[in-house]
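Asks: Below is the structure I would like to discuss, written out as structure tokens.
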Amino acid sequence: DAKTTQPPSMDCAEGRAANLPCNHSTISGNEYVYWYRQIHSQGPQYIIHGLKNNETNEMASLIITEDRKSSTLILPHATLRDTAVYYCIVRVYGGSQGNLIFGKGTKLSVKP
Amino acid sequence: GAVVSQHPSRVICKSGTSVKIECRSLDFQATTMFWYRQFPKKSLMLMATSNEGSKATYEQGVEKDKFLINHASLTLSTLTVTSAHPEDSSFYICSAKGGISAGNTIYFGEGSWLTVV
Chain A
-18 DAKTTQPPSM DCAEGRAANL PCNHSTISGN EYVYWYRQIH SQGPQYIIHG LKNNETNEMA
42 SLIITEDRKS STLILPHATL RDTAVYYCIV RVYGGSQGNL IFGKGTKLSV KP
Chain B
29 GAVVSQHPSR VICKSGTSVK IECRSLDFQA TTMFWYRQFP KKSLMLMATS NEGSKATYEQ
89 GVEKDKFLIN HASLTLSTLT VTSAHPEDSS FYICSAKGGI SAGNTIYFGE GSWLTVV
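Top line first, the protein sequences correspond to chains A and B. Position 76, counted from 1, in the first sequence is what the numbering used here calls 57; the numbers after and before it change by one each time, with no gaps. So the numbering used here is basically just the index in the second sequence, starting at one, shifted up by 28.
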């Protein structure tokens, strides 16, 4: 799987939008961008994924650049419970193995 | 989203004993499950891929005789830490790949804290 690059940490004020960037300049045409988050002492939680179009669900929005070399996860109204480590991962959709390779992620701290 | 459950969430065992951790996909069948290990303030490290009905595939450096994996059914995989030592103390996490109905997305269990004393 392609490697991703994320800032190690970010702060966000409660109630404001949190924009988490991710670079994946070597992404292949059949690889999707997945976002997970891990709250302290819990297993990772799936957030959203996309190929090339922007995606939105009840948790977040995913904006992928036209060249697909980078993406941004947007939490529209961050709450204190959104404090977590966010992982951006690229993976072949439905790949025979499908294991996820985790980088160091971005530690998001939402402050009151 | 699909649900993956791990049990126990916390376990303490004595050195030299074995401990089993279960991973279940509750509302979907998973032909493939994955086991990860995570040390404090570190990212998840893939240990092995568990395939239903066949032997697990281990990552380089992971002792297959120490970390026994069994994928007995389409909804259950187990990780047994044999002859546990204090250095095996860690957070163990499983994940399962959902099928087409679950968008082929990978879902994670809640994790299991193992402390070897």
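Idealized CB from N, CA, C, for every residue including glycine.
Compute the distance between the beta-carbons of Leu54/A and Cys(-7)/A, then report whether it is under 9 angstroms.
Replies: It is not a contact, given that the beta carbons lie outside the stated cut-off.
Asks: What does a CB cutoff of less than 7 angstroms around His35/B pick up in its chain, not counting 5 residues either side in sequence?
Replies: Around His35/B: Glu50.
Asks: For Leu74/B, which residues in chain A fall below 9 angstroms Cβ to Cβ?
Replies: The contacting residues are Asn80, Leu81, Ile82 and Phe83.
Asks: Suppose the cutoff is 7 angstroms on Cβ atoms and the five residues either side in sequence are ignored; what does the same chain contact list for Arg61/A look like?
Replies: The amino acid at residue 61/A is misidentified as Arg; the sequence shows Leu. Answer for Leu61/A: Glu(-5), Val91 and Pro93, listed in chain order.
Asks: So if I threshold CB-CB distances at 9 angstroms, which residues from the region 101 to 122 of chain B count as touching chain A?
Replies: Listed in sequence order: Phe119, Ile121 and Cys122.
Asks: Using 8 angstroms for Cβ pairs, my map puts Ile35/A next to Val73/A. What's the rounded Cβ distance?
Replies: The sequence shown places Asn at residue 35/A, rather than the Ile named in the question. Rounded, the Cβ-Cβ distance is 21 angstroms, inconsistent with contact.
Asks: Grab me the residues of Val90/B's own chain with a C-beta within less than 8 angstroms of its C-beta, minus the 5 sequence neighbours each way, in chain order.
Replies: Excluding sequence neighbours, Val90/B sits near Met75 and Ala76.
Asks: Any beta carbon from chain B within less than 9 angstroms of Ser10/A's own beta carbon?
Replies: The displayed chain sequence assigns Gly, not Ser, to residue 10/A. Not an interface residue.
Asks: Against chain B, does Ser22/A count as a neighbour if the rule is that its beta carbon must be under 9 angstroms from one of theirs?
Replies: True, the Cβ-Cβ gap to chain B drops below 9 angstroms.
Asks: Using a Cβ cut-off of 9 angstroms, pull out every chain A residue sitting near Ser82/B, in sequence order please.
Replies: What Ser82/B touches in chain A: nothing, since even the nearest Cβ is about 13 angstroms away.
Asks: Looking at the C-beta of Phe67/B, does it have a partner C-beta in chain A at a distance below 9 angstroms?
Replies: Not closer than 9 angstroms to any Cβ of chain A, the Cβ of Phe67/B fails to qualify, so no.
Asks: What residues from chain B crowd round Tyr27/A, counting only those whose CB sits closer than 9 angstroms?
Replies: Residues of chain B passing the Cβ test: Gly29, Ala30, Thr133, Ile134, Tyr135 and Phe136.
Asks: Identify the contact partners of Gly86/A in chain B, using a Cβ-Cβ distance below 9 angstroms as the criterion.
Replies: Neighbours of Gly86/A on chain B, chain order: Ser71.
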